[in-house]
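> First residue of the sequence shown? That's 3 in this note's numbering, and the numbers climb one at a time after it. Pasting in a structure now, in structure tokens, and then I'll have a few things to ask.
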Amino acid sequence: MDLNQFYHKRKVLVTGAAGFIGSHLTEALARAGADVTAMIRYSSSPAWGSLEHLSPDLKNSINVVAGNIEDPEFVTQTVRDQEIVFHLAALIAIPYSYVAPRSYVRTNIEGTLNVVEAARQLGVSRVVHTSTSEVYGTAITETIDEAHPLQGQSPYSASKIGADKIAESYSRSFSTPAVTVRPFNTFGPRQSARAFIPTIISQALTRDVIELGALDTLRDMTFVGDTVSGFLAAGATPGIEGETINLGTGQTFPVSHFAERILSLMNVRKQIVQDPKRIRPAMSEVLRLVSNNGKAQQLLQWTPGTSIDEGLKLTINFVEANIGSYRANLYNI
């Protein structure tokens with residue numbers, strides 16, 4: 003399927019469009035010629051978050067709407083007349099979920115309820131709901147397929163399990179055409195300092211010592227461009243309503259490996275240490291994530307095409323060019 007042709011002039015809404023993955027997805031849709039509405043969280047600032055990195059012509063081509071995903075009337079008004087809804091709006095920082103768990107329930111679960119209820123009422127043709135590999139918790143099988151048990155090892159992951167089940171229930175109860183995509187750890191340009199890869203890069207540029215959380219946890223890292231291509235396929239592929247689909251590489255490495263790899267690509271030598279403030283509670287830490295992406299290959303004809311080093315180089319270039327926006331001396335939760 004030619005995805006650019008599929009999305010050309012199609013009316014598409016992206017919630018959470020100002021975020022990391024959301025801005026890349028919005029950009030890809032705008033480049034394909036879609037009629038894109040970008041929902042961002044209202045604030046008094048005129049800035050559009052990561053959408054500010056889009057070229058002026060692309061920014062001028064999208065309709066930016068500011069509001070709150072927790073407001074059902076606002077969500078319904080914004081969903082009206084849309085053909086496809088990509089729902090990415092969420093609170094995603096795990097450490098902050100220990101501080102403000104109720105906020106995660108309101109934004110992630112109630113926000114998802116608002117989206118699928120609006121889609122049900124208004125007859126949207128496809129909702130692509132965003133999950134996360136964190137819902138699986140520490141892997142209890144060699145690789146994680148979509149049938150792996152869900153484990154709420156943090157308030158964040160519990161809220162995303164709840165959101166996934168809301169989307170699933172609307173598919174089963176009302177035939178709402180929802181598809182759930184479950185990205186494993188995504189990285190790339192525009193990612194905030196709350197994630198470990200931009201944290202490593204920004205510290206390597208400005209500090210003598212790299213301070214991280216757990217160094218031995220295993221992560222399956224997917225470049226953001228590949229994640230976006232999976233989202234686009236999930237929005238266009240017919241006959242997959244009700245499915246949940248992993249988006250991951252199927253390879254896993256410890257955090258320390260990525261740190262050493264980044265320092266090598268940057269041609270710098272820095273000490274890497276654990277910072278106790280960055281360590282999750284023992285029973286909450288997810289020790290190993292490695293995806294089985296066979297379902298994505300089968301249903302979406304999707305496989306990641308960007309090598310880790312290629313993706314890391316692009317991320318390093320972005321952080322270097324925007325180092326002023328990274329507070330490498332602080333622990334960003």
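For each residue, glycine too, the CB sits at the ideal point set by N, CA and C. Computed from a predicted model, the values in this text were never measured in an experiment.
Considering just the uninterrupted stretch of the beta strand (DSSP E) at R184, what are its terminal residues?
Per DSSP, R184 belongs to the beta strand (DSSP E) from 180-185.
> As an exercise, report each continuous alpha helix (DSSP H) stretch of at least 4 residues that is fully enclosed by the region 77-114, in chain order.
You should have 96-101, 103-106.
> Contact check, P185 vs Y328 under 8 Å by CB: the rounded distance?
The Cβ separation is near 23 Å, so there is no contact.
> Please tell me whether E243 and S173 are closer than 8 Å, where the distance is taken between their beta carbons.
Cβ atoms of E243 and S173: closer than 8 Å.
> With burial defined as no fewer than 16 other Cβ atoms inside 10 Å of the residue's Cβ, what is the status of M285: buried or exposed?
Flag for M285 reads exposed.
> Ignore the nearest five residues each way along the sequence and tell me which others in L316's own chain have a CB closer than 7 Å to its CB.
Result list for L316: G190, P191, in chain order.
> If contacts are defined as beta-carbon pairs under 8 Å, then V129 and F233 qualify, I think. What distance do you get, rounded to the angstrom?
At roughly 12 Å, the Cβ-Cβ gap does not stay under 8 Å, so V129 and F233 are not in contact.
> Can you round the beta-carbon distance between T80 and Q123 to whole angstroms, since I take them to be within the 8 Å contact cut?
Going by Cβ atoms, the distance from T80 to Q123 rounds to 13 Å, so no, they are not a contact pair.
> How long is the line joining the alpha carbons of P306 and Q205, rounded to whole angstroms?
Cα to Cα, P306 sits roughly 28 Å from Q205.
> Following the continuous beta strand (DSSP E) through G69, name the residue where it begins and the one where it ends.
It spans 65-69 - the beta strand (DSSP E) in which G69 sits, taken as one unbroken run.
> Taking the alpha carbon of E322 as the point to measure from, which residue in L267, I335, D277 has its own alpha carbon closest?
The candidate whose alpha carbon is nearest that of E322 is L267.
> Which whole-angstrom value is the C-beta distance of L302 and I247, which I expect to be below 8 Å?
Right, their Cβ atoms sit about 7 Å apart.
> For T145, name the three-state secondary structure that DSSP assigns.
Looking at T145 - three-state DSSP - the assignment turns out to be coil, as it is neither helix nor strand.
> In angstroms, rounded to a whole number, what distance separates the CA positions of A92 and P74?
Approximately 15 Å, taken between the alpha carbons.
> Could you have a look at I242 and say whether DSSP puts it in helix, strand or coil?
It is coil, neither helix nor strand.
> Buried or exposed for P58, please, with buried defined as at least 16 other CB atoms from any protein chain shown within 10 angstroms of its CB.
Per the 10 Å Cβ criterion, exposed.
> Run the CB neighbour count on T109, radius 10 Å, all protein chains shown included, and call it buried at 16 or more, exposed below.
Buried, since its Cβ has 16 or more Cβ neighbours within 10 Å.
> Whole angstroms are fine: how far does the CA of K272 sit from the CA of V181?
Using only the alpha carbons, I get a separation of about 43 Å.
> Give a yes or no on contact between the region 49-64 and the region 18-32, applying the rule of three or more CB pairs nearer than 8 Å.
Judged by Cβ distances under 8 Å, the region 49-64 makes contact with the region 18-32, as three or more pairs qualify.
> Nearest-angstrom Cα distance between Q84 and G35?
About 15 Å.
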